[in-house]
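Chemist: Quick one: this structure, given as structure tokens, is what I'll be asking you about.
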Amino acid sequence: MTNIQESEWAVKCEKLSKTYKPDIQALKNIDLKVSPHQIFGIIGPDGAGKTTLFRILTTLILADEGKAEVMGCDVVTEYEKIRRNIGYMPGRFSLYQDLTVEENLKFFASVFGTTIEENYDLIKSIYQQIEPFKNRRAGQLSGGMKQKLALSCALIHKPKLLILDEPTTGVDPVSRKEFWEMLRQLKEEGITILVSTAYMDEASLCDAIALILDGEFLKIDTPENIVRQFEPTLYSIRSLQRSKLLTDLRGLPAIDSCYAFGESTHATVIHNQISPEALKKYLSEKGHTDLEVVPIAPTVEDCFMELSKQMHQN
Amino acid sequence: MNSTNKNEHTHPTPTNGQWKTFGSFVQKEFYHITRDQTTLALLLILPVLLMILFGFSINTEVKNSQIAIYDPSNDVATRGIIEKIKASDYFTVVRMLNNPAEIEKQFLKDDLKMVVIFSDHFYENMQRTGKAQIELLTDGTDPNSAMTVVSYASNIIGLYQQDLFKIQQIPFEITPSVKLMYNPELKGPYFFVPGILGMILMIICSMMTSISIAREKEFGTMEVLLVSPFKPMYIILSKTIPYFVISLVNLATMLLLSVFMLKVPIAGSLFWLVTFSILFIFLSLSLGLLVSSIANSQLQALLFSGMVLVIPVVMLSGMIFPIENMPAFFQWFSKLIPATWYITGVKKIMIKGLGFTSILPELGVLISMTILLIGISWKTFKYHLE
Amino acid sequence: MENVIEVNNLTKKFGSFTAVDHISFEVKQGEIFGFLGANGAGKTTAMRMLCGLLPSTSGKGLVAGYDINTQSEQVKRNIGYMSQKFALYEDLKVWENIRLYGGIYGVPEPQIVSKTNDLLKRLGFENERNTLVNSLPLGWKQKLAFSVAIFHEPKIVFLDEPTGGVDPITRRKFWELIYEATDRGITVFVTTHYMDEAEYCDRVSMMVDGHIEALDTPKNLKQMFHADTMNEVFQKLARKAQRSDS
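Chains as they are written, first to last, in the working numbering: chain D, -11 to 302; chain L, 24 to 409; chain U, 879 to 1124.
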């Protein structure tokens, strides 16, 4: 039957590996547990293995090794059950460019044996925004509108689990913000959302995240915990002489790493080896003006950078 | 927005209404085809274009055709026939030849449509044995007008014979023997029509089906469809339906053009011709499905179906080059090409006017091939992306 | 300082739709100019006009001293271009890519050879000369793509979302490359969806519905809109947008 029993984990992966020929290892022995009714983010750059993981979970490809379950169903033996109960939005918005907005939605509804009317309440708030353009061909929509249509299409059969592969890539900050608001509403409806993104700032909008790089998870936890576990001391530094600032900081042995971060520069300090005051003094001697050095709490992006550096050192 | 409890048990049961879903798939395919009007127009015009091309390259208009006459007898009868030929609108006698060696040379030089060659002692033979011979030598590279020219000439000779009969009351028989230069098999529209039918149906069915499936793979929509509960094989099958319809339209266009424009009548049963063609369409569609499971991009599908399916039809199925003249290997190979059997079958029904029983071998081969191909594509169809 | 780009009332209409509506601005030599806006605001159209790919409906534009409408050939010869979507031929080797771009921009043959050697040395890619681009790590590819875009020493380089989908460290290292280039006097015109990168620009323009709504240094923009970050500035400005399609 079509209904799946409520299971403990929305997604459970054990020792999952996938290698593409000749020897590109997309996933390296990963473990993952996602509990239901939350927004879970897989965060990492292009080529980290996000799409491979999602394709295994959506039963589109088979893993070489390991086991994966989606809502308690095995991705290999029970793939038909899974396909019936998930909504999937692949990386490239998979819409028919030559069909109109309404035709696309109607078609995807019938693919899942349902109608727009039957499930209108779920997609209403999203679809209403693009309904004025329902007779326009999908190919002529802007990025933000395509995204809304694709989301409507993925939701039309009321899936319990929604898998979104980089839904916000190439979308401007305003549309991205709107999109995350929509996801939060869907979570309220009881839908579990598994979403991947390359934008680190979106991590804080998830209930839990997994940081992924080169086919491995750097960390799986809530964003708050990840930030809390950040070990080195972090300073935010401002100076009028920005490009010189990086060179000068890198000349200091106490500074482990430093990178531009918006309007300031973030520097990690090994074991509190230098105080903000001492650093300020050092920099002003180097000729920096309008200096500001403050210890700050890290962002998920700082954590990602630190963890990826550790991974490369190992 | 509604709260959580509303969507607990409203899951649709996709097993119901599979047909409805299938219907909306087919509808979607028709949308794709009608939205891309350039391609649709090309698909519908292509057969017409080919037919016209063959039709007009073979000139059927016969008026003032330039002919030459070789008359070694120069007697009452031959002069009488020559007078009648000269009097007709159809022919202009440009040259009287004096010796048989000139015939071929003048044929090329004067661009002659026909040379009328009387036998020696024409009237004498006619009187003595009641039989006389005229040879009508025509240009076989232009088979259609050759046939027309011959039939006009034969008519004129027949008329002369009748006139003579009225006067003399002796039964004569003048037998015009027809000889063709350059194209002794007389390959004309009669022979090209079945070939074009085979080629067009193969192009539309296998090439277009495989391309449209590859397009879904390329654009990423296949990912979403595969993740849906709908049986993937039906997704593919739904793609074949619009091309099946277009093939039927093309079949009708081509048959109409062949009958009314190229004047190639359907000698045998129309019913069996259409049934036989539909079988070939099924076969081509299943070939297209097979290609689509191999090809991952539209370009691959195009090249693959073009090179592996269409070119052999053109080169090896006997459409252009007679199979009998091929090396043994290719003769054997041509037996593996479905279109070879189709073209032979169509020739039997359409041109030769033979009955249903005559195409039983072709029918048998095509049916087995279709079953085999559908079986293979069903087996090789991938339920996963890779 | 010399202006490398001068745009005056530049407008582009597609039928009744005005994609770019009377924009005017200047970019100085050696400046990093951030060109921001929502999807569909007209950024791509404006950038195409500046690169000499699209004639304008009205208005005037000078890029590297050449008129974008009447001297588009010279404009193209004096600019560099790079985008994340298309930068290098993945199935060509490193040196083949460099050679190709050198050839496209008419760099003389002997110069290509010596400059290729210099470039590979400077990037530390001497051992990768014969490596296929698709087997290079992403960060290296970006370095190479950027170096190739400025191989012919253009006065200005256009970067169209150069860092989309790139990991945080590689992204920052890329910006350090940009700084190095501006130190050599190259002007950088860049679009991005990362608002932290807007802070790295000397000046930023914000496009909304075909107009330039704001243009100033990040610091002044933040003051003007009472915002802490450029993201806030962007949100405040882009929310005003009426149209949402491109």
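In this text, a Cβ means the ideal position worked out from N, Cα and C, and glycines have one as well.
1) Using a beta-carbon distance below 7 angstroms, is U:M1102 in contact with chain D?
2) Hey, how far is the Cα of L:M222 from the Cα of D:E2?
3) Run down chain L in chain order and give the residues with a C-beta less than 7 angstroms from the C-beta of D:S98.
4) Name, going along the chain, the residues of the segment 1073 to 1089 of chain U whose beta-carbon falls closer than 9 angstroms to a beta-carbon of chain D.
5) Within the continuous beta strand (DSSP E) that includes U:G915, where are the two ends?
6) Does DSSP put U:S894 in a helix, in a strand, or in coil?
7) Let me know the secondary structure DSSP gives D:V281 once reduced to three states.
8) Would you say U:D1038 reaches chain D, if we count a Cβ-Cβ gap shorter than 7 angstroms as a contact?
9) Taking L:F379 and L:S292 to be in contact with their CB atoms under 8 angstroms, please state how far apart those CB atoms are, rounded to whole angstroms.
10) For L:P335, go through chain D and note every residue whose CB falls closer than 9 angstroms to its CB, in chain order.
11) D:N92 and D:A126 - do their beta-carbons sit closer together than 7 angstroms?
12) Is there a Cβ from chain D that is less than 7 angstroms from the Cβ of U:D1123?
13) Give the interface partners of U:G1042 over in chain D, defined as CB-CB distance under 9 angstroms, in chain order.
14) Does U:Y1057 have its Cβ less than 7 angstroms from a Cβ in chain D?
15) Hey, could you find the ends of the alpha helix (DSSP H) L:V268 is sitting in?
16) By the three-class DSSP mapping on this structure, what secondary structure does U:G930 have?
17) Could you check where the beta strand (DSSP E) with D:N17 kicks off and where it finishes?
18) Any C-beta of chain L sitting closer than 7 angstroms to the C-beta of D:D11?
19) Let's see if you can read the secondary structure: which residues bound the alpha helix (DSSP H) around D:V99?
20) Which whole-angstrom value is the C-beta distance of D:I284 and D:M188, which I expect to be below 8 angstroms?
21) Are the segment 135 to 149 of chain D and the segment 102 to 118 of chain D in contact at 8 angstroms, needing three or more beta carbon pairs?
22) What is the rounded straight-line gap between the Cα of U:T1041 and the Cα of D:W(-3)?
23) Reducing DSSP to helix, strand and coil, say where D:S245 ends up.
24) Look at the Cβ atom of U:Y967, then the Cβ atom of D:A248, and state whether they are nearer than 7 angstroms.
25) Going by CA-CA distance only, name the one from D:F292, D:L87, D:M133 that's closest to L:T244.
26) Run through DSSP, which three-state label would L:C228 get?
27) Would you please state the rounded distance, in angstroms, between the beta carbons of D:L233 and D:F292? I believe it to be under 8 angstroms.
28) Can you round the beta-carbon distance between L:P252 and D:F167 to whole angstroms, since I take them to be within the 8 angstroms contact cut?
29) Name, in chain order, the residues that DSSP records as bridge partners for D:Y223.
30) Below 7 angstroms between beta carbons: does that hold for D:P211 and D:S192?
31) Against D:L234, what residues of chain U qualify as contacts under a CB-to-CB distance less than 8 angstroms, listed in chain order?
32) Is the CB of D:G101 under 7 angstroms away from at least one CB in chain L?
33) What are the residues in the segment 1003 to 1033 of chain U lying within 7 angstroms of chain D by C-beta distance?
34) Under a three-way DSSP split, which group does D:C291 fall into?
35) Determine whether the Cβ of U:F895 lies closer than 7 angstroms to any Cβ atom of chain D.
36) Which residues does DSSP pair with U:N881 in a beta bridge?
Modeler: Straight from the coordinates:
1) Not one chain D Cβ lies under 7 angstroms of U:M1102.
2) In a straight line, the C-alpha of L:M222 is about 53 angstroms away from that of D:E2.
3) By Cβ distance, chain L contributes K43, T44, S47.
4) Hits within the stretch, in order: M1073, D1074, E1075, A1076, E1077, Y1078.
5) U:G915 -> beta strand (DSSP E) spans 910 to 915.
6) Reduced to three states, the DSSP call for U:S894 is coil.
7) DSSP places D:V281 in strand when its eight states are reduced to three.
8) So no, U:D1038 is outside the interface.
9) Between L:F379 and L:S292 a beta carbon distance of about 7 angstroms is seen, short of the 8 angstroms cut, so the two are scored as contacting.
10) What L:P335 touches in chain D: nothing, since even the nearest Cβ is about 31 angstroms away.
11) The beta carbons of D:A126 and D:N92 sit closer together than 7 angstroms.
12) Below a pLDDT of 50, predicted positions are generally treated as unreliable, and U:D1123, at 43, falls in that range; no measurement from the model is reported.
13) Neighbours of U:G1042 across chain D, judged by C-beta separation under 9 angstroms: D34, T157, G158, A186.
14) By this cut-off, U:Y1057 is an interface position.
15) Counting along the chain, the alpha helix (DSSP H) containing L:V268 begins and ends at 255 to 283.
16) U:G930 falls in the coil class under three-state DSSP.
17) Per DSSP, D:N17 belongs to the beta strand (DSSP E) from 12 to 22.
18) D:D11 does not count as touching chain L.
19) Element bounds for D:V99: 89 to 99.
20) Actually they do not touch by this definition, with Cβ atoms about 16 angstroms apart.
21) Verdict: yes, contact present.
22) About 35 angstroms.
23) Three-state result, D:S245: strand.
24) Between U:Y967 and D:A248, the C-beta gap is not smaller than 7 angstroms, which leaves the two residues out of contact.
25) Of the candidates D:F292, D:L87, D:M133, the one whose C-alpha sits nearest the C-alpha of L:T244 is D:L87.
26) L:C228 falls in the helix class under three-state DSSP.
27) With 8 angstroms as the limit, D:L233 and D:F292 do not qualify as a contact, their Cβ atoms being about 22 angstroms apart.
28) About 26 angstroms; that fails the 8 angstroms criterion.
29) D:Y223 pairs with D:A255, D:P283.
30) Yes, the pair counts as a contact, with Cβ atoms nearer than the cut-off.
31) Chain U residues near D:L234: E1054.
32) Cβ-Cβ to chain L under 7 angstroms: yes for D:G101.
33) So the list reads L1016, given in the order they occur along the chain.
34) In the three-state scheme derived from DSSP, where H, G and I count as helix and E and B as strand, D:C291 is classed as helix.
35) For U:F895, not one C-beta of chain D is nearer than 7 angstroms to its own C-beta.
36) U:K906.
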